[in-house]
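Residue numbers (the numbering used here), protein chains in the order written: chain P, 1 to 82; chain E, 1 to 402.
Note that the Cβ used here is the ideal one computed from N, Cα and C, for glycine as well.
Single-structure report; data block below.
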């Protein structure tokens, strides 16, 4: 089904936070190039999907979101705390 | 391992427990931490000694939210704990989120401290995350039976790549038992009650009736509802899905969306503001949000305010503009106030007195593009509710681009 609009917003926020915490994703806060931001985010989603053996779609599908919602360790999956 | 593979340059490593969680007895915390260290010392030359004052290599503490490092905790769920790679100062330290519920058991109602501590101490010794499902260093918490817990081979390979195997000949075998199957996973959501299905009296499996053709002029429906901008038409076990995103009508079954729901709904409607669809069958109803069936259903329709004489409803439709839901039963209808969650006074009323020209009983009802559509047999009636005016009559399947 389509995702409920406000739910979609919330999921996007959760995913950004997750990728920032664990996959070194940095959103350009005032970027003029939204498309570039989205494609970088898609790359990070693919990286996370690859780590967990999910289909590497680069999209925020339900399986990927469910994985992001699982309780976990706070250490990043791609680098250590600096 | 972490970048540059930091490790302790000695075999005797000290640890100190700085504070305790109120969720557990202190003795249980001591034991969980000690067992976690023992897991790693059994497969390496490392020896761990607890100290009770001053600076230890590995300082263990419980804290919530911001706790003095750059990585604040996030409240219940989400991040459970974190730890730093070997090094001076904060290096090696392990922090546990006090907003979690810590336990010495393996239950759904809390996180097993031994399991999480064993994982975090893996970081304190220099291991990073593993993507091997079932390994201790897998980033996601997996509640497994902790009695005679054994490290996964992947964990052993990792730690021995940093420190080598244990020296004593009688140390525990480095070959891991097969990873324990999780005794219980955290269900993503409470399992939905499986609904009693009518068992066929004779054993011969009954062949489900064929799906009628989309453009069959005699096609009728049991129930119709919108769902997040799409429209679902129900008949028996079949669903026709019409989406503004695709031109084709998709053919599905109820069980493909909601496996534990029964076939043959009497009515269905969506309260879009709550992202909720309600399904009715006989004197019960269910609520779903997307694919998820809300827990605590089915409920009796009397919960909505129907008299006990009403044993099933024919059709239902929600009016987004007035926040009212209309329920149709025989030649009468009720109006339900979604804000107050109660039936309105002065109902039921006769359908004929408010909806001229509509033949009842009504099989299904739908609100779309500001109009109401009432289905009776293979016909549907388009009604302008504001002017209570019948606009036109069409075939029930006119939505399928026949």
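Any C-beta of chain E under 8 Å from that of residue i
| i | result |
| --- | --- |
| residue 25 of chain P | no |
| residue 13 of chain P | no |
| residue 4 of chain P | yes |
| residue 70 of chain P | yes |
| residue 77 of chain P | yes |
| residue 58 of chain P | no |
| residue 63 of chain P | no |
| residue 7 of chain P | yes |
Buried/exposed call for residue i, threshold 16 Cβ in 10 Å
| i | result |
| --- | --- |
| residue 22 of chain P | buried |
| residue 218 of chain E | exposed |
| residue 70 of chain E | exposed |
| residue 100 of chain E | buried |
| residue 143 of chain E | buried |
| residue 13 of chain P | exposed |
| residue 77 of chain P | buried |
| residue 185 of chain E | Annotation note: pLDDT 29 at residue 185 of chain E (below 50); position unreliable, no value reported. |
| residue 66 of chain E | exposed |
| residue 251 of chain E | exposed |
| residue 25 of chain E | exposed |
| residue 176 of chain E | At residue 176 of chain E the pLDDT is 33, less than 50, meaning the model places this residue with poor confidence; the figure from the coordinates comes in the next sentence. Residue 176 of chain E comes out buried. |
| residue 43 of chain E | buried |
Where the alpha helix (DSSP H) through residue i begins and ends
| i | result |
| --- | --- |
| residue 154 of chain E | 153-163 |
| residue 23 of chain P | 5-23 |
| residue 67 of chain E | Neither: residue 67 of chain E is in no alpha helix (DSSP H) and is coded neither H nor E. |
| residue 254 of chain E | 254-257 |
Contact with chain P by residue i, beta-carbon distance below 8 Å
| i | result |
| --- | --- |
| residue 278 of chain E | no |
| residue 162 of chain E | no |
| residue 140 of chain E | yes |
| residue 287 of chain E | no |
| residue 191 of chain E | Note that residue 191 of chain E has pLDDT 32, beneath the 50 cutoff, so the model's placement of it is unreliable and the number below is only indicative. No, its Cβ sits nowhere closer than 8 Å to a Cβ of chain P. |
| residue 250 of chain E | no |
| residue 270 of chain E | no |
| residue 178 of chain E | Summary for residue 178 of chain E: the model assigns pLDDT 30, below 50, so the residue's position carries little reliability; its value from the coordinates is reported in the next sentence. Cβ-Cβ to chain P under 8 Å: no for residue 178 of chain E. |
| residue 149 of chain E | no |
| residue 203 of chain E | Here the model assigns residue 203 of chain E a pLDDT of 34, short of 50, so the residue's position is not dependable, and the following value carries that caveat. No, because no Cβ of chain P sits closer than 8 Å to the Cβ of residue 203 of chain E. |
| residue 80 of chain E | yes |
| residue 230 of chain E | yes |
| residue 465 of chain E | It is not possible to answer for residue 465 of chain E, since the shown part of chain E is limited to 1 through 402. |
| residue 110 of chain E | no |
| residue 290 of chain E | yes |
Limits of the unbroken beta strand (DSSP E) element including residue i
| i | result |
| --- | --- |
| residue 394 of chain E | 389-395 |
| residue 280 of chain E | 276-281 |
| residue 35 of chain E | That residue, residue 35 of chain E, is in no beta strand (DSSP E); its alpha helix (DSSP H) goes 26-41. |
| residue 65 of chain P | Counting along the chain, residue 65 of chain P falls outside any beta strand (DSSP E), though it belongs to the alpha helix (DSSP H) covering 62-68. |
8 Å contact criterion, which residue i and residue j should meet: CB distance rounded
| i | j | result |
| --- | --- | --- |
| residue 237 of chain E | residue 254 of chain E | 6 Å |
| residue 390 of chain E | residue 356 of chain E | 6 Å |
| residue 313 of chain E | residue 288 of chain E | Actually they do not touch by this definition, with Cβ atoms about 17 Å apart. |
| residue 315 of chain E | residue 351 of chain E | No, residue 315 of chain E and residue 351 of chain E are not in contact; Cβ-Cβ is about 10 Å, not under 8 Å. |
| residue 384 of chain E | residue 373 of chain E | In fact, because the Cβ distance is near 11 Å, the residues do not count as touching under 8 Å. |
Proximity below 8 Å, CB of residue i to CB of residue j
| i | j | result |
| --- | --- | --- |
| residue 300 of chain E | residue 284 of chain E | yes |
| residue 338 of chain E | residue 360 of chain E | no |
| residue 345 of chain E | residue 336 of chain E | no |
| residue 375 of chain E | residue 246 of chain E | no |
| residue 13 of chain E | residue 113 of chain E | no |
| residue 271 of chain E | residue 227 of chain E | no |
| residue 399 of chain E | residue 231 of chain E | yes |
Check: residue i C-beta below 7 Å from any heavy atom of the ligand ATP
| i | result |
| --- | --- |
| residue 349 of chain E | Although the ligand ATP was asked about, the structure shown includes no ligands whatsoever. |
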